[in-house]
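What follows is a single structure, written as structure tokens, with notes after it.
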Amino acid sequence: MSAQDEQRELRIVGFLCNWCSYGGADTAGVARFIQPTDLRIIRVPCSGRIDPLFIVRALLNGADGVLVSGCHPRDCHYAEGNFYARRRLEMLKRFLPITGIDERRFEYTWVSASEGQRWQHVVTEFTRRIHELGPAPFFNPVSEEEWAKLALDGAARGASCACHG
Amino acid sequence: MSGEVSQLEELKAAIRGQLDSLDCVIGWEQGYDPLHATPLFIRSEADLERLTISPLAVHNPATYTTGFKGKKIGLVVRGCHSRSVIELLNEKLIERDEVVLFGLCCDGVVSQRKIRAALPADPGFVEAVELGKDELHITVAGEQATLKLQEVLADKCLHCAYPDPLVADVLIGEKHAPRQAASPACQDAFEALGNEEKLAFWQDTMSRCIRCYACRNVCPMCVCQDHCIATSRDHLWMSQENTPVENFMFQMIHVSHLTGRCTECGECERACPVDIPLMLLRRYMNKQVREVFGHQAGIALDKTPPLLTFQVEEARIKERDW
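Chains as they are written, first to last, in my numbering: chain Z, 77 to 241; chain H, 341 to 662.
As structure tokens, this is what we get:
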């Protein structure tokens, strides 16, 4: 992708189920479809294996985006893993806004092993979206000065937060 | 306050009648000073005399139930506490025939945080507290301060939709007219902020967290005990570092494990020694669960928590749109 060649590569983590999406990504590779290279794939047995906290951990550890892909509903190798996954991932997606993490940095979708074309579309679209958002902000302060500022601000505010009780 | 005195006597009589058949009844007694209550574990008639049900008695007794598994216990519960009990029953973490519920129709409990803020100086040790009908007379260092009860009620009580126990074997007090739940103004204000402001808020707030795990220990729904992933030695989940990001990760674990289970008893926020507004996360998440699954934890028996089940076609999840 010429547009993305010029930009710094970002860190996108992909959790792909072994039976469908990992195969789909393989199909796309075998067919030599051109794809952006920002995505690091982690293969999991099933989308139902994915604890939403995997995604939270990845985002807090500095991933710029997280993509989850599994078998289409009704196609799960283990019959119902992705049904549970859908509920969990949807709740995670809805949870992120309150934390201040941009919910667009996380997406989940379904790609089957034969859908090389669709995989190319998903990965290109998602990478484009993350590039539009840019690198994710660090949660921890990055410099000594910022750490000091955090401590001083906290001390100035005092023990209590006025907005709750 | 005569109404409360007669309610207390009624409650005591009800407990006395069942004390022999129960291993323990959990209620409240006065704590280290007259302003603070502490949980009371009643095992004898003598213990029963110390029981109190004033608005100062805030703790959620449902937190202790899983530790008494296999024994038969009694619980004195307010509306929100009964929701926790229902959720525990629905998840089969406790058995219905192992708990006897003494329900109190509740008019709200106080927030120690608001009392502290309303008193002219840090109270330290309070000498005496007298409860009027709508007022609280607190004597500190020989001086009396009068606080309006309504002004020091906990946030959860101001917006409570379930003041009466939803399940009880003995019900004490008068039932309230149905109420509508509302979210506090600070919740809506916070949700309206942009991502950057929210992130900055949590960075700042989480730098205050000392990771004492009080929020977890006091949570009636946190039942993993020694198996909590936050304190496991598995460093892939969390490290021992006390940095904002690790502290926030811990809260994410807590919220994530409470999805569709949190009964909004507010204990986490009450127990927090550094005043982190944890209910912002909980209330928001519960709202999402209501929107997507139409589910509210702990309001009806025999309901499955939404994440332990599924529908082949989800009515309100549109994940195939892109």
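Cβ atoms here follow ideal geometry from the backbone N, Cα and C, with glycine treated the same way.
Since the structure is predicted, the reported quantities are computational estimates derived from the model, not experimental observations.
*Note down, in chain order, every chain C residue with its Cβ under 7 Å from the Cβ of W542 (chain H).*
Looking at the structure shown, chain C is missing, and the protein chains on hand are Z and H.
*Give the secondary structure of K473 (chain H) by DSSP, where H, G and I count as helix, E and B as strand, and everything else as coil.*
Locating residue 473 (chain H) in the second sequence gives position 133, counting from the first residue. Coil, per DSSP.
*Compare the C-beta of E166 (chain Z) with all C-beta atoms of chain H and state if any pair is closer than 7 Å.*
Taking the first residue of the first sequence as 1, we reach residue 166 (chain Z) at position 90. With 7 Å as the cut-off, E166 (chain Z) counts as an interface residue toward chain H.
*Going by the C-beta, is T571 (chain H) closer than 6 Å to any heavy atom of the ligand GTP?*
What this structure holds is no ligand at all, so the ligand GTP is not there to describe.
*If contact means a Cβ-Cβ distance below 7 Å, which residues of the stretch 120-137 of chain Z contact chain H?*
P128, L129, V132, R133 and L136
*What is the DSSP secondary structure of T378 (chain H), counted as helix, strand or coil?*
Locating residue 378 (chain H) in the second sequence gives position 38, where the first residue counts as 1. Of the three classes helix, strand and coil, the one that applies to T378 (chain H) here is strand, per DSSP.
_Unbroken beta strand (DSSP E) run spanning V89 (chain Z), endpoints_ = Within the first sequence, numbered from 1, the residue matching residue 89 (chain Z) stands at position 13. I88 to C93 is the extent of the beta strand (DSSP E) around V89 (chain Z).
*asked:* Spatial neighbours of G90 (chain Z) within its chain, please: C-beta separation below 6 Å, excluding the five flanking residues on both sides.
replied: Sequence index remark: in the first sequence, residue 90 (chain Z) carries index 14 (1-based). L115, I117 and L143.
*asked:* With H, G and I counted as helix, E and B as strand and the rest as coil, what does DSSP make of L115 (chain Z)?
replied: Along the first sequence, read from residue 1 onward, the residue named residue 115 (chain Z) stands at position 39. It is a strand residue.
_DSSP three-state label for G357 (chain H), please._
Stepping through the second sequence from its first residue, residue 357 (chain H) is reached at position 17. Here G357 (chain H) sits in helix by DSSP.
_R163 (chain Z) at chain H interface by Cβ criterion, 7 Å_ = Position 87 of the first sequence, counted from the first residue, corresponds to residue 163 (chain Z). Yes, its Cβ sits closer than 7 Å to a Cβ of chain H.
*Using 7 Å as the limit for Cβ to Cβ distance, is Q580 (chain H) near chain Z?*
Counting from 1 along the second sequence, the entry for residue 580 (chain H) is found at position 240. With 7 Å as the cut-off, Q580 (chain H) does not count as an interface residue toward chain Z.
_Partner residues on chain H for E156 (chain Z), Cβ-Cβ distance less than 8 Å_ = Mapped onto the first sequence, residue 156 (chain Z) falls at position 80. Within 8 Å Cβ-Cβ: F650.
*So, is the C-beta of G146 (chain Z) closer than 7 Å to a C-beta in chain H?*
The residue given as residue 146 (chain Z) occupies position 70 in the first sequence. So, not an interface residue.
*As assigned by DSSP and simplified to three states, the class of C420 (chain H)*: Position 80 of the second sequence, counting from 1, holds the residue named residue 420 (chain H). Of the three classes helix, strand and coil, the one that applies to C420 (chain H) here is helix, per DSSP.
*Can I478 (chain H) and V466 (chain H) be called in contact, C-beta distance under 7 Å?*
The sequence position of residue 478 (chain H) within the second sequence is 138, counting from 1. The sequence position of residue 466 (chain H) within the second sequence is 126, counting from 1. Closer than 7 Å, so yes.
*Label P503 (chain H) either buried or exposed according to how many other C-beta atoms from any shown protein chain fall within 10 Å of its C-beta, with 16 as the threshold for buried.*
The residue you call residue 503 (chain H) lines up with position 163 of the second sequence. Label assigned to P503 (chain H): buried.
*Determine whether the Cβ of R418 (chain H) lies closer than 7 Å to any Cβ atom of chain Z.*
Locating residue 418 (chain H) in the second sequence gives position 78, where the first residue counts as 1. Chain Z, which has no Cβ nearer than 7 Å to the Cβ of R418 (chain H), makes this no.
*Under 8 Å Cβ-Cβ, which residues of chain Z neighbour L647 (chain H)?*
Your numbering for residue 647 (chain H) matches position 307 in the second sequence. Ordered by position in chain Z, the residues that pass the 8 Å Cβ test against L647 (chain H) are Y160, R163, R164 and M167.
_For W186 (chain Z) and C122 (chain Z), what's the separation of their Cα atoms in angstroms?_
For the purposes of this step, residue 186 (chain Z) is taken as the residue at position 110 of the first sequence. For the purposes of this step, residue 122 (chain Z) is taken as the residue at position 46 of the first sequence. Computed Cα separation, rounded: 12 Å.
*Grab me the residues of E623 (chain H)'s own chain with a C-beta within less than 7 Å of its C-beta, minus the 5 sequence neighbours each way, in chain order.*
Sequence index remark: in the second sequence, residue 623 (chain H) carries index 283 (1-based). A quick correction: the sequence has Arg, not Glu, at residue 623 (chain H). Result list for R623 (chain H): S523, Q527 and E604, in chain order.
*Mind checking who I413 (chain H) pairs with in its DSSP beta bridge?*
Locating residue 413 (chain H) in the second sequence gives position 73, counting from the first residue. H:C364 and H:V439, per the DSSP bridge assignment.
*Please classify Q111 (chain Z): is it buried, with 16 or more other beta-carbons within 10 angstroms of its beta-carbon, or exposed?*
For the purposes of this step, residue 111 (chain Z) is taken as residue 35 along the first sequence, with counting starting at 1. Q111 (chain Z) is buried by the Cβ-count criterion.
*7 Å Cβ cutoff met for L428 (chain H) and I434 (chain H)*: Residue 428 (chain H) sits at position 88 when you count from the first residue of the second sequence. Residue 434 (chain H) sits at position 94 when you count from the first residue of the second sequence. Contact: yes.
_M625 (chain H) versus E179 (chain Z) - alpha carbon distance_ = Counting from 1 along the second sequence, the entry for residue 625 (chain H) is found at position 285. Counting from 1 along the first sequence, the entry for residue 179 (chain Z) is found at position 103. Between M625 (chain H) and E179 (chain Z), the C-alpha separation is close to 14 Å.
*For W542 (chain H), the first and last residue of its enclosing alpha helix (DSSP H)*: For the purposes of this step, residue 542 (chain H) is identified with residue 202 of the second sequence, where counting begins at 1. Here the alpha helix (DSSP H) through W542 (chain H) covers N535 to M546.
_Please report the straight-line C-alpha distance between G146 (chain Z) and D127 (chain Z), rounded to a whole angstrom._
The count along the first sequence starts at 1 and reaches residue 146 (chain Z) at position 70. The count along the first sequence starts at 1 and reaches residue 127 (chain Z) at position 51. Roughly 13 Å separates the two Cα atoms.
*For A457 (chain H), which option in H:A485, H:R436 and H:V469 has the closest C-alpha, if you only look at C-alpha atoms?*
Here residue 457 (chain H) corresponds to residue number 117 of the second sequence, with the count starting at 1. That would be H:A485, whose Cα lies nearest to the Cα of A457 (chain H).
_Along the chain, where does the alpha helix (DSSP H) containing E609 (chain H) start, and where does it finish?_
Residue numbering aside, residue 609 (chain H) sits at position 269 when the second sequence is read from its first letter. That run of the alpha helix (DSSP H) goes E607 to A611.
*What is the C-beta distance between R87 (chain Z) and V652 (chain H), in whole angstroms, given that I count them as a contact (C-beta under 8 Å)?*
Position 11 of the first sequence, counted from the first residue, corresponds to residue 87 (chain Z). Position 312 of the second sequence, counted from the first residue, corresponds to residue 652 (chain H). That belief does not hold up - the Cβ atoms of R87 (chain Z) and V652 (chain H) are roughly 35 Å apart, past 8 Å.
_Mapping the DSSP letters down to three states, classify S384 (chain H) as helix, strand or coil._
Start at 1 with the first residue of the second sequence, and residue 384 (chain H) comes out as number 44. The answer is coil: DSSP assigns S384 (chain H) none of H, G, I, E or B.
_Given S188 (chain Z) as reference, the closest of Z:A139, Z:A224 and Z:H153 once Cα atoms are compared_ = Counting from one through the first sequence, the residue named residue 188 (chain Z) turns up at place 112. Out of Z:A139, Z:A224 and Z:H153, Z:H153 has the C-alpha closest to the C-alpha of S188 (chain Z).
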